[in-house]
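Numbering (my numbering), first residue to last: 4 to 182. No residue lacks a Cβ here, since even glycine has one placed at the ideal position from N, Cα and C.
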Ligand code: SF4
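Here it is in structure tokens:
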């Protein structure tokens, strides 16, 4: 089985993907989301991913909460709407870290749960995934996880397992837009 590293943004977006990939690959979940604000929310989302991985016996890598790094890369784009330049920078930071870790740790393929998100366009995420795949010499699985009934399956699984589902994307700016 190929060694697969899956960047995971949260449990609701990734539960159906983890379920699908774990039977096809030697799967490891990668939690790197310094965009999430505040820290209490970050811990809450991470705990749900830990719960899913523990229940299914899937390996998980818990990366550092590098808030300052996220602030640096998105500086100047605070007022961008969701789906704009700030989000591309935010995706790039998380994808590069995943590709780099994958290459350093002998993974053969990587991907991200980000394309599960309603407002997250595959045509923005795929070129970034491929760019960092080429940069670090690792295959990128370009899959739009919104498709193929996965969203519906994911929703059902989240309800059945009582998993916490947030109502904003993650960063302080997306939180403010909900208040
Ligand atoms: S809205 Fe979401 S994707 Fe965009 S910068 Fe904020 S956390 Fe990142």
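Taking DSSP as the reference, what is the three-state secondary structure of residue i?
{"i": "residue 61", "result": "coil"}
{"i": "residue 31", "result": "strand"}
{"i": "residue 135", "result": "helix"}
{"i": "residue 159", "result": "helix"}
{"i": "residue 164", "result": "helix"}
{"i": "residue 10", "result": "strand"}
{"i": "residue 20", "result": "helix"}
{"i": "residue 45", "result": "helix"}
{"i": "residue 176", "result": "helix"}
{"i": "residue 121", "result": "coil"}
Nearest to residue i by alpha carbon, out of the options?
{"i": "residue 38", "options": "145, 46 and 74", "result": "74"}
{"i": "residue 146", "options": "93, 6, 5 and 17", "result": "17"}
{"i": "residue 78", "options": "67, 166, 10 and 91", "result": "91"}
{"i": "residue 8", "options": "101, 47, 156 and 122", "result": "101"}
{"i": "residue 148", "options": "131, 118 and 165", "result": "118"}
Flag residue i as yes when its Cβ comes closer than 8 Å to any non-hydrogen atom of ligand 1, and as no otherwise.
{"i": "residue 10", "result": "no"}
{"i": "residue 162", "result": "no"}
{"i": "residue 39", "result": "yes"}
{"i": "residue 173", "result": "yes"}
{"i": "residue 94", "result": "yes"}
{"i": "residue 85", "result": "yes"}
{"i": "residue 177", "result": "yes"}
Apply the 10 Å Cβ neighbour rule to residue i and answer buried if 16 or more other Cβ atoms are within range, or exposed otherwise.
{"i": "residue 71", "result": "exposed"}
{"i": "residue 137", "result": "exposed"}
{"i": "residue 179", "result": "exposed"}
{"i": "residue 55", "result": "buried"}
{"i": "residue 109", "result": "exposed"}
{"i": "residue 121", "result": "exposed"}
{"i": "residue 62", "result": "exposed"}
Taking the DSSP output, what are the residues bridged to residue i?
{"i": "residue 77", "result": "Per DSSP, none; premise fails for residue 77."}
{"i": "residue 142", "result": "112"}
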